[in-house]
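Have a look at the structure below before the remarks.
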Amino acid sequence: MRYAIAANGSDVAPHFGRCERYVIVDIANGAEVAREELANPGHEPGLLPRLLNEEGVAYVVAGGAGPRAVNLLAEMNMGIFVGISGSIDEAIERIIKGELEPGESTCEH
Numbered sequence: 010m011r012y013a014i015a016a017n018g019s020d021v022a023p024h025f026g027r028c029e030r031y032v033i034v035d036i037a038n039g040a041e042v043a044r045e046e047l048a049n050p051g052h053e054p055g056l057l058p059r060l061l062n063e064e065g066v067a068y069v070v071a072g073g074a075g076p077r078a079v080n081l082l083a084e085m086n087m088g089i090f091v092g093i094s095g096s097i098d099e100a101i102e103r104i105i106k107g108e109l110e111p112g113e114s115t116c117e118h
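If you want it as structure tokens, here you go:
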């Protein structure tokens with residue numbers, strides 16, 4: 010399963026569209042099997058869901074996301090976990106352990 014984690018530095022970013030980059034992680038058989046980074050090309054409505062869909066992402070992880078982004082992701086059959094904070098590595102561990110649960114968006118849209 011492929012996840013895109015919105016990232017600022019080594020932490021999960023508070024906003025899906027306004028992060029520095031996305032850490033793209035492949036999880037299989039209870040382990041991380043690949044990791045790459047994708048620069049955020051900018052906060053243009055609709056661009057990021059399309060880009061992540063082209064990358065084969067199944068789920069997005071972020072502190073928050075606006076309703077339009079959430080709807081576009083859903084239209085492209087991608088899920089989103091919002092309300093997530095902490096380090097990228099902690100988020101990946103939670104994904105692997107099946108402990109990642111969606112919370113309330115920290116984004117103020």
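Residue numbering for the sequence shown follows the numbering used here, starting at 10 and increasing by one per position. For each residue, glycine too, the CB sits at the ideal point set by N, CA and C. The structure displayed is predicted, hence computed values, not measured ones.
Asked, Found
"Own chain residues within Cβ distance below 7 Å of residue 30, not counting five before or after", "16, 46, 47, 48, 49"
"Residue range of the unbroken beta strand (DSSP E) whose run includes residue 86", "First-last for residue 86: undefined, no H or E at that position."
"Beta-bridge partners of residue 47, as assigned by DSSP", "31"
"Any 3 or more C-beta pairs closer than 8 Å across the segment 54 to 67 and the segment 89 to 107", "no"
"Residue 100 in three-state terms, based on DSSP", "helix"
"8 Å contact criterion, which residue 25 and residue 67 should meet: CB distance rounded", "Between residue 67 and residue 25 the Cβ distance is about 15 Å, and since that is not below 8 Å, they are no contact."
"Opening and closing residue of the beta strand (DSSP E) in which residue 38 lies", "Neither: residue 38 is in no beta strand (DSSP E) and is coded neither H nor E."
"Contact check, residue 96 vs residue 35, beta carbons under 8 Å", "no"
"Rounded C-alpha distance that separates residue 81 from residue 55", "7 Å"
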